[in-house]
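Each residue of the sequence shown is one higher than the last, beginning at 42 in my numbering. Each remark here refers to the structure printed beneath this line.
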Amino acid sequence: MSETVQIIIEGKEYEFPVVEGSEQEKAIDISKLRAQTGYITLDYGFKNTGSTKSAITYLDGENGILRYRGYSIEELAEKASFLEVAFLLIYGELPNKKQLDYFQESITQHTLVHENMKRFFEAFPQGAHPMGMLSSMISSLSTFYPESQNPNRSVVDIEKTIHRLIAKLPTLASQAYKHNMGHPTVYPSNDLSYCGNFLKMMFSLPTEPYEVDSVVERALNKLLILHADHEQNCSTSTVRVVGSSQANLYSSVSAGIAALWGPLHGGANQAVIEMLESIREDGGDLQKWIDKAKDKNDSFRLMGFGHRVYKNFDPRARIIKKAADEVLEQLGVDDPVLDIAKQLEQVALNDSYFVERGLYPNVDFYSGIIYRALNIPTDMFTVMFALGRLPGWIAQWKEMVENREPIGRPRQVFTGSKERSFVVLADRD
Ligand code: SDX
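See the structure below:
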């Protein structure tokens, strides 16, 4: 007999089933709540509301656990390649050699983008934010591959679209960077790794060919893995909802990129560095900024701190903080902003305001320090987050399509005017 809960509404008892996940987390299935009671639930920001069942990523916010398809983020970040993790998230299992070779080979066949897209970049103003360019470019990919727009797409069509998207995102991301630098586009090098190819497309110049540095390549591989998926976060939920209307994958991911751009979400990694630099320029009075973050009348928030799920440490932040020390030492980079970040963390974590609210450094707090050491400009940080999150977005969209989930359409509580008659202009005050 499956577990149920009873809810009493206006004196009448209703029973609803309880759903239990594979890690014993529980949910009340309210799919029939409105039909049976006329009531809906209200939950701003969906803080207590599950939107789906998913087998992809497991988070335990209290214990700082993050697993992709059952594998711990600590192991994957240390031992896997980003494309292995992408395969794992999308197809559910780690690839064997034959599968990985095919996956990598297929992706390298699709790294070029149509030459017409160069004209799109030329139309953007110099200094355009790369996230705005990237979101536009990814959506426009659907116009070059109209078969991707067919809602009744075959498994083969979906597979090809997935491989095209994984292959072309780095190419388009690097082109956004080159547009703003006024440098010529660098074409993909299919003989390099996924990360090596991206780094070369970013930093190679006709006058100065770029040699991939293995330290930088390994650091980027680790960062992309750490960002690859995070269950039903804001941008992933966006990808799922857009895809639930049978919109194509390119448009769904384009919407995810737009959602990720926000400073409360993926845009925080750019906001963290801008905040740390402001603190440094302001003389480094950490307590002043901590007090601003606590002041309800001040809109300032400690960027890179706090999380909807992690009310203890974000396991990714712990790994990235350690990697930041290693990468900067290996590259011989001395970044005063890293010292400020560490001091700020210590001050905050000894302040009851942050401890009582479970506000700890999240994935965005230290990632920008490493991106800076890799010579990636601040306005490209959230693009790096999107590069990492792409396989997660794809995996979640694919799971939603395969499970034939209904179109996402929440209800509301109406608080506007009751019925009233039209008043002609002449009679209005
Ligand atoms: C990401 O969801 C994911 O999984 C996201 C992500 C992923 O991988 O996809 O992990 C990536 O988006 C990480 C988060 C990056 N954003 C930031 O670093 C921006 C700063 N952080 C906050 O804005 C905030 O912590 C959020 C948005 C991350 C979470 O917000 P919630 O869950 O809605 O929490 P809340 O705003 O209701 O805050 C609870 C309390 C409030 O105080 P009280 O009303 O209880 O007095 O904590 C306070 C908030 O004012 N608070 C902060 C704070 N974050 C929360 N106060 C100061 N500084 C902060 N950073």
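C-beta: ideal position from N, C-alpha, C; glycine also. Small disclaimer: the values here were computed from a predicted structure and weren't measured.
Considering only residues of the same chain and omitting the five flanking positions on each side of GLU258, which have a CB-CB separation below 8 Å? SER234, CYS236, GLY237 and LEU240
With which residues is VAL46 paired in a DSSP beta bridge? PHE57
Collapsed DSSP secondary structure at ILE114 in the structure displayed: helix
Bridge-paired residues (DSSP) for ASP101: ILE106
Taking all protein chains shown into account, decide if GLY409 is buried (16 or more other Cβ within 10 angstroms of its Cβ) or exposed. buried
Nearest residue (CA-CA) to LEU415, options VAL253, ALA427 and MET441: VAL253
Looking at C-beta atoms only, is the number of pairs between the stretch 71-88 and the stretch 393-404 that lie closer than 8 Å three or more? no
Can you name, in chain order, every residue of its own chain whose Cβ lies under 6 Å from the Cβ of ASN231, other than the five neighbours on each side? THR149
Entirely within the stretch 327-368 and at least 4 residues each: give me those alpha helix (DSSP H) ranges in chain order. 327-335
According to the neighbour-count rule (16 or more other Cβ atoms, all chains shown, within 10 Å of its Cβ), is VAL59 buried or exposed? exposed
ALA214 lies in the alpha helix (DSSP H); which residues open and close that run? 196-222
Nearest-angstrom Cα distance between ARG108 and THR45? 29 Å
According to DSSP, simplified to helix, strand and coil, what is ALA121? coil
What residue range does the alpha helix (DSSP H) around ALA68 cover? No alpha helix (DSSP H) contains ALA68, which is instead part of the beta strand (DSSP E) from 67-69.
Compute the Euclidean distance between the alpha carbons of VAL256 and LYS120, then round it to the nearest angstrom. 15 Å
Residues that DSSP places opposite GLU249 in a beta bridge: LEU246
Measuring straight from C-alpha to C-alpha, what distance separates ALA288 and SER183? 10 Å
Determine the burial state of ARG452: buried for a count of at least 16 other Cβ atoms within 10 Å of its Cβ, exposed for fewer. exposed
Would you call the stretch 273-285 and the stretch 241-250 in contact, with 3 or more CB pairs under 8 Å? no
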